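Its first residue numbered 438, the sequence shown is counted upward by one per residue in the numbering used here.
Idealized CB from N, CA, C, for every residue including glycine.
Bear in mind the structure is a predicted one, so any value in this text is a computation, not a measurement.
Structure first, then comments.
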Amino acid sequence: MKIVLIGYMGSGKSSVGKKLAAVLGIPFKDMDDEIEKQEGISIPKIFLEKGEIYFRKVEIEVLKNILSKSEGFVLATGGGTPCYADSMNFLVKQKDVVSVYLKTPIDVLTTRLFSEKENRPLLAHLKTEDNLNDFIRKHLFERGYFYNQAALTVENGGESVNETVEKIILKLF
Ligand code: S3P
């Protein structure tokens, strides 16, 4: 089984994905790590030196490459992965892929992301928590169109990683 976690930055895709993969006994893959490995520089540097359009091009290539592998895995995508280059449509058409949207309330995302925004090129310019909250609200409204096409949706607000993993497993099997 190929499980693809999607959701906004800070929704817990990597921490939940790692634990879910360990529980299921299958490999964990992280799109951002794969992109950084392939490009040999960090995500913020890719945005800075090559721009977002270049990043999105690499992102879809890496997604398709990972999905072409035959063995099962849990994949944590980047927050924007399903929202560009018809990727969500591509994902839902894959017979062996289950997409899972980790849905997190805006206020939780804001608190989590405020301390980590320097690592996220799309957020680094936002000065205050209010600015960040406004930005996330609008961005999530746009991106929700894609996220909501996932096969499964699991709330990941105040829950622990273990609780969220348990909820995903209950929905999967
Ligand atoms: C992005 C999310 C990031 C990373 C890049 C762009 C986005 O991944 O791919 O900074 O467009 O939402 P995370 O969701 O893992 O932070």
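- Leaving aside the five residues before and after Asp469 along the sequence, list all residues of the same chain whose C-beta is less than 6 Å from its C-beta, in chain order. Here residue 469 refers to the residue found at position 32 of the sequence shown. Cβ neighbours of Asp469 beyond the five flanking positions: Ile480, Gly515.
- Hey, out of Leu442, Leu609, Gly454, whose CA is closest to Val598's CA? In the sequence shown, the residue the question calls residue 598 occupies position 161. Nearest option by C-alpha distance: Gly454.
- Could you tell me which residues DSSP pairs with Gln540 in its beta bridges? As a first step, residue 540 is located in the sequence shown; it is residue number 103 there, counting from the start. Reading off the sequence shown, one finds Lys at residue 540, where the question assumed Gln. For Lys540, which the question treats as bridged, DSSP gives the partners Glu592.
- Query: Excluding the five sequence neighbours on either side, which residues of its own chain have a C-beta within less than 6 Å of the C-beta of Phe465, listed in chain order?
  - Reply: Here residue 465 corresponds to residue number 28 of the sequence shown, with the count starting at 1. Sequence-distant partners of Phe465 (beyond 5 residues in either direction) whose C-beta falls short of 6 Å from its own C-beta, in its chain, are Gly454, Lys455, Ala458, Val511.
- Would you check whether the ligand S3P has a heavy atom nearer than 7 Å to the C-beta of Gly450? Numbered from 1 along the sequence shown, position 13 holds the residue referred to as residue 450. According to the sequence shown, residue 450 is Lys rather than Gly. Yes, the beta carbon of Lys450 sits closer than 7 Å to at least one heavy atom of the ligand S3P.
- Could you tell me which residues DSSP pairs with Val535 in its beta bridges? Translated into positions along the sequence shown, residue 535 becomes position 98. According to DSSP, which records beta bridges pairwise, Val535 is partnered with Ile440.
- Task: To the nearest angstrom, report how far apart Asn585 and Lys530 are at their CA atoms.
- Result: Here residue 585 refers to the residue found at position 148 of the sequence shown. Here residue 530 refers to the residue found at position 93 of the sequence shown. If you draw a straight line from the Cα of Asn585 to the Cα of Lys530, it comes to about 15 Å.
- With burial defined as no fewer than 16 other Cβ atoms inside 10 Å of the residue's Cβ, what is the status of Asn593: buried or exposed? Counting from one through the sequence shown, the residue named residue 593 turns up at place 156. Counting Cβ neighbours within 10 Å, Asn593 comes out buried, since at least 16 surround it.
- Can you grab the Cα-Cα spacing for the pair Glu498 / Ala522, in whole Å? Position 61 of the sequence shown, counting from 1, holds the residue named residue 498. Position 85 of the sequence shown, counting from 1, holds the residue named residue 522. Each residue's alpha carbon lies about 10 Å from the other.
- Query: Would DSSP call Phe510 helix, strand or coil?
  - Reply: As a working mapping, residue 510 is identified with position 73 in the sequence shown. In the three-state DSSP reduction, Phe510 falls in the strand class (E or B).
- Message: Can you check which of these residues, Arg549, Phe578, Gly509, is closest to Asp533 by C-alpha distance?
- Response: Numbered from 1 along the sequence shown, position 96 holds the residue referred to as residue 533. The shortest Cα separation from Asp533 among Arg549, Phe578, Gly509 belongs to Gly509.
- If we ignore side chains and look at the alpha-carbon of each, how far apart do Glu603 and Gly444 end up? Along the sequence shown, one-based indexing puts residue 603 at 166. Along the sequence shown, one-based indexing puts residue 444 at 7. Whole-angstrom Cα-Cα distance: 18 Å.
- Any chance the CB of Met446 is under 7 Å from a heavy atom of the ligand S3P? Taking the sequence shown and counting its residues from 1, one reaches residue 446 at position 9. Closer than 7 Å to some heavy atom of the ligand S3P: that describes the Cβ of Met446.
- Among Phe583, Phe484, Met446, Gly595, which residue has its Cα nearest to the Cα of Ser536? For this step, residue 536 is matched to residue 99 along the sequence shown. Taking only the C-alpha atoms, the option nearest Ser536 is Phe583.
- Heavy atom of the ligand S3P within 7 Å of Val480 beta-carbon: Position 43 of the sequence shown, counted from the first residue, corresponds to residue 480. Rather than Val, the amino acid found at residue 480 in this sequence is Ile. Within the cutoff, so yes.
- Taking 7 Å as the cut-off, does the CB of Gly488 come closer than this to any heavy atom belonging to the ligand S3P? Residue 488 sits at position 51 when you count from the first residue of the sequence shown. Every heavy atom of the ligand S3P is 7 Å or more from the Cβ of Gly488, so no.
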